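Novice: Here it is, the structure in full.
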Amino acid sequence: PQIPRGTPFDDFFRHFFGDPGNGRDGSIAPARSLGSGFIVSADGYLLTNHHVVDGADEIIVRLSDRREFVAELVGSDARSDVAVLKIAAEGLQPLKMGDPEKLKVGEWVVAIGSPFGFEHSVTAGIVSAKGRSLPSDSYVPFIQTDVAINPGNSGGPLFNLDGEVVGINSQIYSGTGGFMGLSFAIPIDVAMGVSDQLRDKGYVVRGWLGVLIQDVTRELAESFGMEQPQGALIAKVLPDSPAEKAGLQVGDIVLSYQGEKVVYSSDLPPLVGASKVGEKAKLVLLRGSKKKTLRVTIEELPEQDGAPPTPRGKARGGDRLGLGVTDLAEGQAEAMGIAGGVVVRELMDGAGAEAGLRRGDVIV
């Protein structure tokens, strides 16, 4: 749809890109992306989202004092959705970083960004949950909030009430494309860890265990003699992986990793990913009805780890069904005892939702 004349969004694009014209010469207008970001150091480093700058030929940063700079892309990491930019500017005031671990569910938080080009917009809400895992970003323990996030907010800071940055606003969950009360932020300690690696090496090294996992259902918990469902059930051990070398087996249930309790299967990937390569990690697991402790030497996560993250915007499906699907990762079908299938990753209004389909369902 055409952007209404006179709105901040229209003014923003015309300021940076000029009048788009009528296109009578047959030329194709360049794709444009709008996002937010924030300063993390006085020497010009900024953080934003990977998906905000991905594929950009030129990145223009506009500061709150209306100064404009062409930014250098220092590095970008798709798995965490974090990007680091650098501008040659003086008089920059970096934001103060907070501790996401101290956040409590129900605590008030504030987001600042430029939704639809309306600069310096402030929205507020509460922390709904912590440690959320999304299909596209299994290595990020997201902060879930009900803070209103819209296009243009991505990459902006999430503050606690002390004015400290506790996260980077990254995604929303929506069946319509608009805000529906579910937004997700990358914890700032995770983002800064990624930033440090991007600045030092230009890429991010993550730990790798080499297993495919799933949640422990109540029925499985009862069959293992567990009082309540918890842990990460190993559905497949990848060949020549650290897990195979250490003796992990299909059916093992990981209860803790390096002393950190694993309540849900989604708790494990961020813990492993944050481990250093070569670290001998201690795993407490349940094998049959007995607890067992193993030491695993963590290796570097390969580009394809057997369960690659869902590419953003690459889910396939149909408008009639109102859903987007991706193929099962290598080994997942075998672990489920099926020949193959697709996983529901996106669900909009349509026949799929009306039939009772949910995100995460496997269609065979």
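Under our numbering, the first residue of the sequence shown carries the number 2, and numbering increases by one thereafter. Even for Gly, the Cβ is constructed at its ideal location relative to N, Cα and C. These numbers were taken from a predicted model, which means no experiment stands behind them.
Based on the DSSP secondary-structure assignment, which residues constitute the bridge partners of Glu-301?
Specialist: Gly-208.
Novice: By DSSP, does Gln-198 sit in helix, in strand, or in coil?
Specialist: DSSP places Gln-198 in helix when its eight states are reduced to three.
Novice: Please check if any C-beta of chain B sits within less than 8 Å of the C-beta of Gln-231.
Specialist: Given the protein chain composition of this structure (a single chain), no chain B is represented.
Novice: Is Glu-120 helix, strand or coil by DSSP?
Specialist: DSSP places Glu-120 in coil when its eight states are reduced to three.
Novice: From the DSSP output, read off the bridge partner residues of Met-98.
Specialist: Note: Met-98 sits in a beta bridge opposite Val-166.
Novice: Just verifying my parser: in three-state terms, what is the DSSP assignment at Lys-246?
Specialist: In the structure shown, Lys-246 sits in a helix (DSSP, three-state: H, G or I).
Novice: Looking at the unbroken beta strand (DSSP E) that takes in Gly-76, where does it start and where does it end?
Specialist: 73-78 is the span of the beta strand (DSSP E), which, as asked, contains Gly-76.
Novice: List the endpoints of the continuous beta strand (DSSP E) containing Ser-257.
Specialist: Unbroken beta strand (DSSP E) run through Ser-257: 254-258.
Novice: How big is the Cα-Cα spacing for Leu-295 and Glu-228?
Specialist: C-alpha separation (whole angstroms): 23 Å.
Novice: Taking the C-alpha atoms as reference points, what is the distance between Arg-33 and Ile-127?
Specialist: Taking the straight line from one Cα to the other gives about 32 Å.
Novice: Under 6 Å Cβ to Cβ from Arg-288, same chain only, skipping five residues before and after it: list those, please.
Specialist: These residues qualify, in order along the chain: Asp-253.
Novice: Determine the direct distance from the alpha carbon of Ile-113 to that of Gly-314, and round the result to whole angstroms.
Specialist: Model confidence at Gly-314 stands at a pLDDT of 35, short of 50, so the residue's coordinates are unreliable and nothing is read from them.
Novice: Just to check my reading of the structure: Ser-266 and Asp-216 have Cβ atoms closer than 8 Å, yes? What is that Cβ distance to the nearest angstrom?
Specialist: With 8 Å as the limit, Ser-266 and Asp-216 qualify as a contact, their Cβ atoms being about 5 Å apart.
Novice: Can you tell me the Cα-Cα spacing of Leu-210 and Asp-201, whole angstroms?
Specialist: When rounded, the distance between both Cα atoms is 24 Å.
Novice: Check whether the region 148-156 and the region 169-176 touch, using three or more Cβ-Cβ pairs below 8 Å as the test.
Specialist: As far as the Cβ criterion goes, the region 148-156 touches the region 169-176, which means the pair count is three or higher.
Novice: One question on the structure: do Val-54 and Leu-74 come within less than 8 Å of each other, judged by their Cβ atoms?
Specialist: Cβ atoms of Val-54 and Leu-74: closer than 8 Å.
Novice: Can you confirm whether the region 58-74 touches the region 181-192 when touching is taken to mean that 3 or more C-beta pairs between the two stretches lie within less than 8 Å?
Specialist: No, they do not touch.
Novice: Identify, in the order they occur along the chain, each residue of the same chain with its Cβ nearer than 8 Å to the Cβ of Gly-248, setting aside the five sequence neighbours on each side.
Specialist: Counting only Cβ-Cβ distances below 8 Å, and skipping sequence neighbours, we find Leu-295.
Novice: Between the C-alpha atoms of Val-123 and Tyr-46, what's the straight-line distance to the nearest angstrom?
Specialist: Taking the straight line from one Cα to the other gives about 23 Å.
Novice: Gly-274 by DSSP, collapsed to three states: which one?
Specialist: Correct three-state label for Gly-274: helix.
Novice: Just tell me which of Gly-38, Glu-280, Asp-58 has its CA closest to the CA of Pro-95.
Specialist: The residue with the shortest Cα to Cα distance from Pro-95 is Gly-38.
Novice: If I'm right that Val-263 touches Val-273 with Cβ under 8 Å, what's the distance once you round it to whole angstroms?
Specialist: At roughly 10 Å, the Cβ-Cβ gap does not stay under 8 Å, so Val-263 and Val-273 are not in contact.
Novice: Can Val-406 and Phe-180 be called in contact, C-beta distance under 8 Å?
Specialist: The requested residue 406 is not part of the displayed model; the chain covers only 2 to 365.
Novice: On a Cα-Cα basis, can you pick out the residue from Asp-66, Pro-243, Ser-257, Gly-208 that is closest to Glu-91?
Specialist: If we check each option's Cα against that of Glu-91, Asp-66 comes out closest.
Novice: Tell me which same chain residues have a C-beta within less than 6 Å of the C-beta of Met-40, skipping the five on either side of it?
Specialist: Met is not the amino acid found at residue 40; the sequence shown has Ile there. Taken in chain order, the residues that qualify are Leu-47, Leu-93, Pro-95.
Novice: With which residues is Thr-146 paired in a DSSP beta bridge?
Specialist: Thr-146 is bridged to Val-128, Ser-184.
Novice: Going by DSSP, which residues form a beta bridge with Arg-296?
Specialist: Looking at the DSSP assignment, Arg-296 forms a beta bridge with Lys-283.
Novice: Span of the alpha helix (DSSP H) holding Arg-1?
Specialist: Lying outside 2 to 365, the shown extent of the chain, residue 1 is not represented and no answer is given.
Novice: How long is the line joining the alpha carbons of Ile-299 and Arg-207, rounded to whole angstroms?
Specialist: Cα to Cα, Ile-299 sits roughly 9 Å from Arg-207.
Novice: What residue range is occupied by the uninterrupted alpha helix (DSSP H) comprising Leu-221?
Specialist: 219-224 is the span of the alpha helix (DSSP H), which, as asked, contains Leu-221.
Novice: Mapping DSSP to helix, strand and coil, what is Val-53?
Specialist: DSSP places Val-53 in helix when its eight states are reduced to three.
Novice: Pull up the distance between the alpha-carbon of Gly-318 and that of Gly-342, whole angstroms please.
Specialist: The predicted position of Gly-318 is uncertain, since its pLDDT is 46 and thus under 50; a value taken from the coordinates is nonetheless stated next. Using only the alpha carbons, I get a separation of about 13 Å.
Novice: In the DSSP assignment, find the unbroken beta strand (DSSP E) run with Val-111 in it and report its ends.
Specialist: Residues 109-114.
Novice: Let me make sure I understand the geometry here. Which of Gln-198, Pro-303, Leu-234, Glu-220 has the alpha-carbon closest to that of Val-251?
Specialist: It is Leu-234 whose Cα lies nearest to the Cα of Val-251.
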